[in-house]
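Mapping of the sequence shown onto numbering that gives the first Met the number 0: position 220 corresponds to residue 219, and the numbering continues sequentially without gaps. Ideal Cβ placement from N, Cα and C applies to all residues, glycine included. To start, the structure under review is shown below, and the notes come after it.
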Amino acid sequence: MKTSLSTVVIDQDYVQIPKSEYEQLLSNYQNLELQLSELKRLIFGSKSERFVPNTDALQLGLFTEETSEQTEVVQQQISYNRSKTKKHPIRLPLASHLPRVEQIIEPVHIAQGSIKIGEEITEVLEYTPSRVYVRKIIRPKYALPNDAGIVIASLPSMILPKSNVGAGLLAHICVSKFVDHLPFYRQIQILKREGVVVAMSSMTGWFSKGVTQLEVLYEVLQKAVLQSQYLQGDESPIKVQDNHKNGSLHTGYHWVFHAPVERLVLFKYDPSRSAKVPKDFLQQFSGTLQTDGYRAYQNLSTKHPIKLLACMAHARRYFEKALDNDNARASYAMGQIQKLYAIERKIKERTTNTQTIKRYRELCAKPILEKLHTWMQQEYGKVLPKSAIGKAFAYSLNLWDKLSAYTQDGKYLIDNNLIENAIRPLALGRKNYLFAGSHKAAQHAAIMYSFFATCKINDVNPYLWLHDVFKRLPEHKANKLEELLPQNWKNPAVV
């Protein structure tokens, strides 16, 4: 049996090695080249995945024969006049709901007999630092006649009865950390500038006890999420201090679930990234789950059947990374995916019902998907499996049924971008507070991220919502807690 040989030039010397060994070396080289390219982009490159097709490149050179043409250069002199319109910036009007503090400035010298004929009004946006004050509750005591006893008014319900922090300050602390990404030590410094000294132990204790009070509402949110028929899932790491790991941090995970139809978001912390986490959480769920290609979501053994969808944005990301490796193939794939997203943009502009969306996708998106699938199957055998373009083909082909299944229902989305947007505050927060102090603290963070992400997608002011919840929660009926969830909450100041 003959062994196929390949000739390799090394320092002008010809060396023959087995073809299989040559292909292995070439595959390893391309794999290392891909890793180096990703590292360079991570450090120096742009994070944007926006694709602008190059019309000058021969993208379809793979499928058409090359032609040679003689080009004649003709010089022409063109003259024209161009009129340029200078654009002036338009200042937006100041918000009408803001209170107005009037300042009237009269002229220094007004001649006697002058008559006011009008006025010039200039509005300037001003700011007063947050006001910290002490709420002093006075309850007079009265002795009843005939020694019948003493009467005194009941103390108003408080979120933390044995503490000296009010609902407003507690809500401000939570929003500042998990919405504005201000760690506790920075908040303490801000309060100190206003002459208010708060110990770190006090602030962390207030926060921990406040989140404990919200756990009952978090359970209601979790139940509402599991009752949805369509969920998106993802996970994101978080560093956690662990007493069992001296000198190092444990990597835990926030598992995130988003219900696009009901506009709900749930963060759930777990020390592990194993498949057991989504399996246990989704035991009562029945419907469709959209995720990336992570194997933990595949073949979930739950009480009810779960249909899986894949994320087109993740598939596109693989081809975007392959542009340097095989520009022609990667550009063609991204161009076809770009057409699919153009269809989705038209759907958003028209805001039609789910039946119309499904029909529109069947007419416009399905032919593009079928053409792209056939092309991938034909081209996959022509590339090295470990190359960037090879990995892009493998990812998409392995998940193709799940990638294209979004066309089967109008309520499905083409990708998981909305849940990635919900995770972004977590990524920003990690850069500020670096790690969670314990596994319990990581779960407390998950509770706050759940509520604030749900506030964001429902266009609810997080501070007004949390302040009101802290005031109402101690006496709110347990069977009506869903009224306090952000998507159901009514601002008492407006109602």
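DSSP links H257 through a beta bridge to Q231, V264. G286 places its beta carbon 8 Å or farther from that of L371. Around the beta-carbon of G194, fewer than 16 other beta-carbon atoms lie within 10 Å, marking it exposed. Between W254 and D269, the gap from beta carbon to beta carbon is short of 8 Å.
Residue pairing for A435: DSSP places it in a beta bridge opposite V239.
With fewer than 16 other beta carbons inside 10 angstroms of its own, K161 counts as exposed. Under the three-state reduction of DSSP, H108 is assigned to coil, being neither helix nor strand. Rounded to the nearest whole angstrom, the CA to CA distance from N415 to L402 is 11 Å. In the DSSP assignment, G286 is bridged to I305.
In this structure, the alpha-carbon of S153 lies about 53 Å from that of A295. Counting the other Cβ atoms within 10 Å of the Cβ of K470 gives 16 or more, which makes it buried.
Straight across, the Cα-Cα distance linking S449 with E218 is about 11 Å. Beta-carbon to beta-carbon, Y462 and H171 are separated by about 7 Å, close enough to satisfy the 8 Å threshold.
Across the structure, L216 and N460 are spaced so that their CA atoms are roughly 18 Å apart. Its chain contains S36 as the residues whose beta carbon lies nearer than 7 Å to that of D323, once the 5 sequence neighbours on both sides are disregarded; these appear in chain order.
Pairing P366 with A94, the inter-Cα distance amounts to about 48 Å. K390 and G292 have their C-alpha atoms spaced approximately 13 Å apart. Going by beta carbons, S227 and Y252 fall outside the 8 Å limit. The alpha carbon of N457 has as its nearest neighbour, out of H180, R262, V382, the alpha carbon of R262.
Y141: member of the beta strand (DSSP E) spanning 140 to 142, first to last residue.
Cα atoms of Q212 and A452: separation of roughly 19 Å, rounded to the nearest angstrom.
When the five nearest sequence neighbours on each side are left out, the beta carbons in the same chain lying within less than 7 Å of the beta carbon of W464 are those of C454, P485, W488, in order along the chain. Counting the other Cβ atoms within 10 Å of the Cβ of D325 gives 16 or more, which makes it buried. In the structure shown, V196 falls within a coil segment according to DSSP collapsed to helix, strand and coil. Straight-line spacing of the CA atoms in Y28 and Q407 works out to 41 Å. A312 is positioned such that its CB atom lies no closer than 8 Å to that of L398. For V174, there is no enclosing beta strand (DSSP E); the enclosing alpha helix (DSSP H) has its first and last residue at 166 to 177. Following the DSSP letters along the chain, one finds I151 inside the beta strand (DSSP E) bounded by residues 149 to 151. In the structure shown, Y462 adopts helical secondary structure according to DSSP, grouped into three states.
Within the segment 294 to 367, the runs of alpha helix (DSSP H) at least 4 residues long that lie entirely inside it are, in chain order, 311 to 320, 326 to 349. Apart from the 5 residues on each side of it in sequence, E122 sits with its Cβ closer than 7 Å to the Cβ of L93 in its chain, given in chain order. D269 has Y252 as its beta-bridge partners, per DSSP.
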